Structure formats: structure tokens, C-alpha cells
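Going by full-length UniProt numbering, the sequence shown opens with residue 1, and the numbers climb by one from there.
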Amino acid sequence: MTSGEYQISPPSVNPFPVICDMDTDGGGWTIIQRRTSGSLEFWNQTWQEYKIGFNNGLQHNYWLGLDRIHSLTTKDGPNVTLRIDIFHNRCPPNLCGLGYDPNGYWHSEWDFYIEGDATNYTMHVSIAKSGNLTSQDDQDLLHYFNNNRPFTTYDRDNDIYPDGNCAEYNFLGGWWHSWCTSFALNGVYDQTGPLGWGGYGFSCQHYYFWLDNYVINPAQSEMKIRRNSF
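As C-alpha cells, this is what we get:
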């Protein structure tokens with residue numbers, strides 16, 4: 001098999017097309033989120049849109065949909081790896097210091113699944129198993145801030161931030177927010193206006209043990225899943 005578009009038919013949802021990555025680390029990945037540009041905005045998509053999915057072409061920007069992600073991550077029990085790939089850092093050096101690398105590449109992998117609509121698609125994510133994006137200990141920021149958290153969108157606030165909605169705050173977009181921090185891969189893409197850079201919009205926090213700690217404003221991102229037994 002080669003990388004490209006395939007039609008799949010997991011339980012409890014109608015058949016749908018996906019992009020499969022058959023090249024990265026032995027292949028077998030289904031891409032659940034991809035951002036390549038600011039041509040499709042993610043941060044202000046509604047709960048219903050995050051639920052069913054949205055895109056402007058599967059080879060461009062897309063979100064697979066929470067119902068589909070739930071089906072794919074639970075059909076064989078919680079036996080799925082999530083991989084996040086981050087490409088390039090657009091954050092200027094005066095704001096991101098060590099983190100500025102227009103050609104940078106970061107990735108990490110976790111055990112991962114999400115529950116269904118009844119629990120607002122609560123995410124369960126392990127401490128990172130590998131990679132250079134985040135620490136492989138209890139300081140892993142995705143696990144620390146987003147594990148066991150329901151999904152939040154700008155029109156449905158399920159986070160614990162007392163002063164507002166994290167999806168709206170700094171235009172961080174739909175995510176499994178607790179506080180408004182660290183991972184916002186669905187945040188606003190264009191950070192050249194009054195919003196600024198750093199922990200605003202489309203961003204994630206690089207924290208690799210105690211050696212490096214800085215914000216990345218990616219040019220591109222991919223979230224992908226595959227069975228642990230692949």
C-alpha cells in the first residue's frame with residue numbers, strides 16, 4: 001500500500017475517506033488532523049463541525065471529526081498510538097529564542113483514545129512514549145494538561161479556566177483544554193496581526209525534560225493514529 005486517500009468503514013459510523021500515511025515509521029497511520037496553511041480557519045469551527053469533521057481538501061487542511069476519531073480509537077479497545085508531527089517554527093527569535101527554527105521538525109507518540117459524545121469526547125492520553133516534542137515523564141505537557149479532559153469549542157465551554165473559554169481565549173480553538181496552555185493545534189493560523197506570536201493561536205509548547213522549553217508556532221502539523229499492534 002502507498003500513502004494516499006482510502007475509504008474506510010469502522011463500526012458505528014458511515015464509510016468515509018481518510019488519508020493514510022504509509023511512509024512514516026513503517027506506515028499504517030490514519031491522519032486525523034492536518035494543517036498546511038491558513039486557507040481554512042480552525043479556531044472558530046463549531047461543536048457540530050468538530051463533531052462531524054471539516055476540510056478544504058484531504059491533502060490540505062482537515063479535521064477528521066470527533067465521532068470518527070472515537071470510532072477509530074475504541075473499535076479494538078484502547079490500543080492506539082497517537083503521533084503528532086510539527087513542521088517548522090514561525091515564531092520570531094526575539095519571542096521564541098532557542099525555539100526559532102524555520103526548518104525545525106518535532107514529533108512525539110502517545111497511547112491515546114477518546115470517549116464518545118456522552119462525555120464530550122473526553123481524551124485519554126499516556127505519558128509520551130518517544131520523540132523530541134515533549135518529555136517522556138510526568139512533565140509531558142500533553143498528558144499533564146489534556147489527559148482526562150473533555151473537548152471544548154468556542155460555542156461549548158468544557159474547560160476549567162475560570163475567566164472564559166479557552167477556545168476563544170487567545171484564539172486557541174477547539175481542543176481538550178483544561179487551562180489555556182501548552183497545546184493548541186487548532187488555534188488561529190495567522191498570528192501576524194494584533195494577536196501576536198508565542199502562546200497564541202496555532203501553537204504548542206516544546207518541553208523536553210528540563211533542557212529545552214519554548215513555544216512553537218508551526219507552519220504545518222499532523223495528528224495521526226495507528227493500532228499498537230500494527
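Ideal Cβ placement from N, Cα and C applies to all residues, glycine included.
Source: prediction; values computed, not measured.
Residue i vs residue j beta-carbon contact at 7 Å
i: ILE106; j: VAL125; result: Checking the displayed sequence, the identity of residue 106 turns out to be Trp instead of Ile. Contact flag unset, no.
i: SER3; j: ASP21; result: yes
i: PRO17; j: GLU5; result: yes
i: PRO10; j: LEU72; result: yes
i: GLY131; j: PHE171; result: no
i: CYS180; j: TYR189; result: no
i: PHE42; j: ASN186; result: yes
i: ASN94; j: GLY104; result: no
i: GLY174; j: ALA167; result: yes
Cβ neighbours of residue i in the same chain (closer than 7 Å, five flanking residues each side left out)
i: THR46; result: THR153, ASP155
i: TYR32; result: Here residue 32 is Ile; the residue named in the question, Tyr, does not match the sequence. Cβ neighbours of ILE32 beyond the five flanking positions: LEU64, ILE69, MET223, LYS224, ILE225.
i: SER178; result: PHE145, ASN146, ARG149, ASP159, ILE160
i: SER203; result: ALA184, GLY187, VAL215, ILE216, ASN217
Residue of the options minimising C-alpha distance to residue i
i: residue 289; options: PRO92, LEU82, PHE87; result: In this structure the chain extends from 1 to 230, so residue 289 is not present and cannot be described.
i: VAL13; options: HIS70, ILE114, ASP25, LEU133; result: HIS70
i: GLY27; options: ALA118, THR81, GLY173, GLU168; result: THR81
i: THR119; options: PRO102, ARG90, ASN158, CYS96; result: ASN158
i: ASP67; options: GLY131, PRO150, TYR50; result: TYR50
i: VAL215; options: PHE151, PHE112, THR134, PHE54; result: THR134
Where residue i falls: helix, strand or coil (DSSP)
i: PHE151; result: coil
i: THR81; result: strand
i: ALA167; result: coil
i: GLN7; result: strand
i: PRO194; result: Annotation note: pLDDT 47 at PRO194 (below 50); position unreliable, coordinate value reported separately. Coil, per DSSP.
i: THR30; result: strand
Spatial neighbours of residue i in its chain, beta-carbon cut-off 8 Å, leaving aside the 5 residues before and after
i: SER39; result: ASN56, HIS60, ASN61
Buried or exposed (CB count within 10 angstroms, at least 16 for buried), residue i
i: PHE230; result: exposed
i: SER37; result: exposed
i: GLN7; result: exposed
i: GLN136; result: buried
Spatial neighbours of residue i in its chain, beta-carbon cut-off 6 Å, leaving aside the 5 residues before and after
i: SER182; result: LEU141, PHE145, GLN205
i: ALA228; result: Going by the sequence as given, residue 228 is Asn instead of Ala. So the list reads ASN79, THR81, once near-sequence residues are dropped.
i: LYS75; result: PRO10, PRO11
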